[in-house]
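Engineer:
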Amino acid sequence: MKTIKLIVIVLTAVFVSNCSNKKSNTQEASNENLAVVVNEEPVEASLFDRLGGTDGISSIVDDIVQAHLDNPVINHVFLPLKENPEHFESFKTHVKEFLSAGTGGGATYTGKDLPSAHKGLNTTEKEFLSAVDDILMTLSKHNIDEETKKDMLYILYSMKGAVIGM
Numbered sequence: 097m098k099t100i101k102l103i104v105i106v107l108t109a110v111f112v113s114n115c116s117n118k119k120s121n122t123q124e125a126s127n128e129n130l131a132v133v134v135n136e137e138p139v140e141a142s143l144f145d146r147l148g149g150t151d152g153i154s155s156i157v158d159d160i161v162q163a164h165l166d167n168p169v170i171n172h173v174f175l176p177l178k179e180n181p182e183h184f185e186s187f188k189t190h191v192k193e194f195l196s197a198g199t200g201g202g203a204t205y206t207g208k209d210l211p212s213a214h215k216g217l218n219t220t221e222k223e224f225l226s227a228v229d230d231i232l233m234t235l236s237k238h239n240i241d242e243e244t245k246k247d248m249l250y251i252l253y254s255m256k257g258a259v260i261g262m
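97 is the number of the first residue of the sequence shown in our numbering; add one for each residue after it.
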């Protein structure tokens with residue numbers, strides 16, 4: 097679990113440092129992704145905030161899980177989870193914590209690390225891409241802007257090796 101926390105922290109740091117959107121003191125901070133202005137320099141909202149904070153992420157995760165359940169390419173992984181409602185809710189809670197912690201929110205992730213969570217699933221490239229498609233479709237459904245979707249895509253692909261073939 098410490099390994100995944102370190103990975104999430106590093107990914108978040110890389111994201112924040114690479115995605116700074118600084119404007120000169122004379123430019124207006126009109127970009128909707130800019131949350132505050134400090135010393136006349138705009139500061140970009142965290143990915144967590146751009147996803148709608150805790151409530152937004154909760155709603156997004158619920159819809160992603162439903163999309164996975166409806167997706168014939170990957171639903172074989174998710175349908176058995178519904179057989180145990182308590183485990184199913186625990187799974188969704190872990191995904192919400194993971195997404196919140198990995199995007200700059202205050203949640204503490206209490207689930208398994210990615211390789212352990214995906215061990216034995218033998219996820220294929222096709223399944224991974226299908227899951228990514230579900231996630232991007234859900235972000236569009238929630239009116240998430242293109243830049244935020246690109247940032248999420250970057251994070252998803254950074255985790256690909258920990259998911260495929262495990």
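We put the beta carbon where it would ideally sit given N, CA and C, even for glycine.
1. DSSP three-state call for D166: helix, strand or coil?
2. Confirm, please, whether the CB-CB distance from Y250 to V228 is below 9 Å.
3. Taking just the CA atoms, how far does R146 sit from K246?
4. Report the option in S226, I240 and L175 whose CA atom is closest to the CA atom of V259.
5. Below 6 Å CB to CB, which residues in the same chain sit around D159 once its five sequence neighbours on both sides are set aside?
6. Need the endpoints of the alpha helix (DSSP H) that K178 sits in, please.
7. Along the alpha helix (DSSP H) that carries A67, what are the first and last residues, could you check?
8. Give the DSSP-derived three-state secondary structure of I260 in the structure shown.
9. Rounding to the nearest angstrom, what Cα-Cα distance links Q162 and S236 in this structure?
10. Could you compute how far the alpha carbon of S142 sits from the alpha carbon of D166?
11. Can you tell me whether T244 is helix, strand or coil according to DSSP?
12. May I ask you to list the residues that DSSP assigns as paired with T219?
13. In this structure, how does DSSP classify G238 when only helix, strand and coil are distinguished?
Structural biologist: Put simply:
1. Helix at D166.
2. Against a cut-off of 9 Å, the Cβ pair of Y250 and V228 comes out as no contact.
3. Distance between the alpha carbons of K246 and R146 is about 12 Å.
4. For the residues S226, I240 and L175, the minimum Cα distance to V259 belongs to S226.
5. Residues of the same chain with a CB within less than 6 Å of the CB of D159, apart from the 5 flanking positions on each side, are T234 in chain order.
6. It is not in any alpha helix (DSSP H) - K178 carries neither H nor E in the DSSP assignment.
7. Here the chain comprises residues numbered 97 to 262, so residue 67 is not present and cannot be evaluated.
8. The three-state reading of DSSP puts I260 in strand, counting E and B together.
9. Near 15 Å, if we compare the C-alpha coordinates of S236 and Q162.
10. If you draw a straight line from the Cα of S142 to the Cα of D166, it comes to about 30 Å.
11. Residue state for T244 is assigned as helix, using DSSP reduced to three classes.
12. Among the bridge pairs identified by DSSP, T219 is matched with I260.
13. Checking the sequence shown, residue 238 turns out to be His, not Gly. In this structure, H238 counts as coil in the three-state DSSP scheme.
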